[in-house]
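*Asks:* Below are the structure tokens for one structure; questions will follow.
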Amino acid sequence: MADFRVDQAAGLRRLLGGSGLQVITFVAGCEGVGRSVTIANLGVALARLGKEVLIIDEHSPGDDIAAAFGLQAGFDLLNVVQRELPLSKVLLRPMHGLSILPAARAARKLGRLSLAQQQTLVDAMSSQERAIDVILVDASMAHPAGFSPFGLVSQETVVVLSGSSASITEAYALVKKVSHAFSRRHFRILVNKVRSQADARSIYENIAQVATQRGVAVLDYAGAIPLDESLRLAGQLCRPVLFQAPDSPSAMAFRDLAADLQYWQQSQGEQGGVEHFLQQLLHLSQRITPNVLRA
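All letters in the sequence shown, in the order written, are residues 3 to 297 by the working numbering.
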């Protein structure tokens, strides 16, 4: 029997939640924190909630989102920009409601596209306007500018870290670097591979306190994904844990995160559709120079 309180809470969230396109970029200060696996499972959870989800992946084949579904990316968004292929031939669709757009090559050239190529990109992506509710970006750490422009124009930037001291240190360093270089003052912290909610909260509160005291940024708590053997085994099988072990602790955590993520507060100034988002992205990419973060 359904829990009335749960149904009532979901109804209230729908009434209070923002509408329109959500764009959320996931970043990390170091490798090995499980960012891509997190995005893959979160995409599945959102699709199962009835959302149309597009994952934009800045990673090269072999280290990409497609691999988390046992798929192989054959093309890249750059093929669309160069008018070699239609967008439909580049998109991967591992399940109903979820699409993956490989974009590693295109992401590296966003700041050097001609006006004609920019228009081709906007036209191709805008054709998907009505088919996208949420864009999740798996941002590469190897962007030429030192930080992905997606993370600067997204409504939300989520920093994924684990419980290791190195991960926490690198996550704070990334927040500080981006805050100083680009005046991005708000991030969300997602703690992955953690043994308990109490540990996750403690990690978040420590890094948030330091960021606030030093005037670096305001950090909000996005949630936590537990250290779960089912998640590790699902990864080895190249399957999302929501497919492989839907009742596992990590699968439940991804569902909770997806439910909350839909209703993260958005300011009116940040809302807009796919075309608005792309215009902002292209404008910023033209301004960023490869050496901007080396100072």
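A virtual CB, placed ideally from N, CA and C, is assigned to each residue, including glycine.
(1) For a minimum of 4 consecutive residues, which ranges assigned as the alpha helix (DSSP H) are wholly contained in the stretch 171-229?
(2) Just grab the DSSP bridge partners of residue 28 for me.
(3) Relative to the C-alpha of residue 62, which candidate in 140, 47 and 134 has its C-alpha closest?
(4) With the cut-off set at 8 Å, would you say residue 162 and residue 35 are in Cβ contact?
(5) On a Cα-Cα basis, can you pick out the residue from 56, 177 and 210 that is closest to residue 24?
(6) For residue 244, count neighbouring Cβ atoms within 10 angstroms of its own Cβ and tell me buried if that reaches 16, exposed if not.
(7) Between which two residues does the alpha helix (DSSP H) containing residue 95 stretch?
(8) From what residue to what residue does the beta strand (DSSP E) around residue 55 run?
(9) Give the DSSP-derived three-state secondary structure of residue 146 in the structure shown.
(10) When DSSP builds the beta bridges, which residues end up paired with residue 67?
(11) Less than 8 Å between the C-beta atoms of residue 71 and residue 87, yes or no?
(12) Starting from residue 250, trace the beta strand (DSSP E) in both directions and tell me its first and last residue.
(13) DSSP three-state label for residue 103, please.
(14) Of all the options 274, 265 and 227, which has the alpha carbon lying nearest to the alpha carbon of residue 39?
(15) From the DSSP output, in three-state form, read off residue 130 for me.
(16) Counting along the chain, where does the alpha helix (DSSP H) carrying residue 38 start and finish?
(17) Are residue 123 and residue 103 touching if we call contact CB-CB under 8 Å?
(18) Closest by CA to residue 165, which one among 289, 32 and 216?
(19) To the nearest angstrom, how far is the alpha carbon of residue 121 from that of residue 289?
(20) If I measure Cβ to Cβ from residue 262 and keep anything under 7 Å in the same chain, skipping five residues before and after, which residues do I get?
*Replies:* For this structure:
(1) Positions of the alpha helix (DSSP H) runs, each at least 4 residues long and wholly inside the stretch 171-229, are given as 199-215 in order along the chain.
(2) DSSP, once it has assigned bridges, lists 140 and 160 as partnering residue 28.
(3) Nearest option by C-alpha distance: 140.
(4) Residue 35 sits close to residue 162, with the two beta carbons spaced by under 8 Å.
(5) Cα-wise, what sits closest to residue 24 is 56.
(6) By the 16-neighbour rule on beta-carbons within 10 angstroms, residue 244 is buried.
(7) Element bounds for residue 95: not the alpha helix (DSSP H) but the beta strand (DSSP E), 94-97.
(8) 55-59 is the extent of the beta strand (DSSP E) around residue 55.
(9) Coil.
(10) Answer is none; residue 67 lacks a bridge partner.
(11) The beta carbons of residue 71 and residue 87 sit no closer together than 8 Å.
(12) In the DSSP assignment, residue 250 falls outside any beta strand (DSSP E) and carries neither an H nor an E.
(13) Strand at residue 103.
(14) Scanning 274, 265 and 227 for the CA closest to the CA of residue 39 turns up 227.
(15) Residue state, collapsed to three classes: coil.
(16) Boundaries of the alpha helix (DSSP H) around residue 38: 37-50.
(17) Cβ distance not < 8 Å, so residue 123 and residue 103 don't count as in contact.
(18) If we check each option's Cα against that of residue 165, 32 comes out closest.
(19) It is roughly 18 Å from the alpha-carbon of residue 121 to the alpha-carbon of residue 289.
(20) Around residue 262: 225.
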